[in-house]
Amino acid sequence: MLAYEATPTGLRLSERTRPSPGPGEVAIDVGAIALNRGESRRAIHGGFAEGIVPGWDTAGVISQVGAGARGLPLGTRVVARALAGGWAQCRIADCRDVAVIPADVDIGRAATLATAATTALAVLKRGGPILGRSVVITGASGSVG
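Below is the structure:
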């Protein structure tokens, strides 16, 4: 399979062995990725260890299921978030970090949700209850605000 892997000065497209899921993991044939600012900057400026395949957010179809990964049958459309591995034709994800994509949601749009949604949720949790309060969102230049 093809994957972008880190080099000391950036990225290179290379042929790699297709990964197999371990216990509690699934293999996902990647159909779309999200480019997040943090990972993109690290990749461009050589911030990943050599040989690492960057890529946090992906969406695709489950192509293999590891032992103990229940409720995620082959062919299920999913979105996944992990700290690496997404910029490849196939990625491994812990089944706890995978969500099923509803039938009416485009796979490309689904790929953009994982980091943006969890970042927004973390900010809301840190700020406490917001019912009846004002929330200011500055910027609007990124996926979160």
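Residue 66 in numbering that gives the first Met the number 0 is what sits at position 67 of the sequence shown, and the numbering runs on without skipping anything.
Beta carbons are placed, not taken as given, at the ideal position from N, Cα and C, and that holds for glycine.
Computed from a predicted structure; not experimentally measured.
1. Once DSSP output is grouped into helix, strand and coil, what is the label at residue 122?
2. What are the partner residues of residue 105, as DSSP defines its beta bridges?
3. Check this for me: beta carbons of residue 74 and residue 61, under 8 Å apart or not?
4. Measuring alpha carbon to alpha carbon, tell me which residue in 78, 23 and 135 is nearest residue 68.
5. Report all residues from its chain with a CB closer than 8 Å to the CB of residue 71; omit the five preceding and five following residues, and keep chain order.
6. Taking DSSP as the reference, what is the three-state secondary structure of residue 61?
7. What does residue 135 pair with, by DSSP beta-bridge criteria?
8. What did DSSP end up calling residue 112 once you bin it into helix, strand or coil?
9. Hey, residue 32 and residue 110: beta-carbon distance below 8 Å or not?
Let me lay it out:
1. Stepping through the sequence shown from its first residue, residue 122 is reached at position 123. Residue 122 falls in the helix class under three-state DSSP.
2. For the purposes of this step, residue 105 is taken as the residue at position 106 of the sequence shown. Residue pairing by DSSP leaves residue 105 without any beta bridge partner.
3. As a first step, residue 74 must be located in the sequence shown, where it is residue number 75. As a first step, residue 61 must be located in the sequence shown, where it is residue number 62. Residue 74 is a Cβ neighbour of residue 61, given a cutoff of 8 Å.
4. Along the sequence shown, read from residue 1 onward, the residue named residue 68 stands at position 69. Of all alpha-carbon atoms in 78, 23 and 135, the one lying nearest the alpha-carbon of residue 68 is that of 23.
5. Sequence index remark: in the sequence shown, residue 71 carries index 72 (1-based). These residues qualify, in order along the chain: 25, 61, 64, 77, 94, 97 and 99.
6. Taking the sequence shown and counting its residues from 1, one reaches residue 61 at position 62. If DSSP states are grouped into helix, strand and coil, residue 61 belongs with the strands.
7. Counting from one through the sequence shown, the residue named residue 135 turns up at place 136. None; residue 135 has no bridge partner.
8. Stepping through the sequence shown from its first residue, residue 112 is reached at position 113. Residue state, collapsed to three classes: helix.
9. Here residue 32 is taken as the residue at index 33 of the sequence shown, counted from 1. Here residue 110 is taken as the residue at index 111 of the sequence shown, counted from 1. For the 8 Å CB-CB criterion, residue 32 and residue 110 form a contact.
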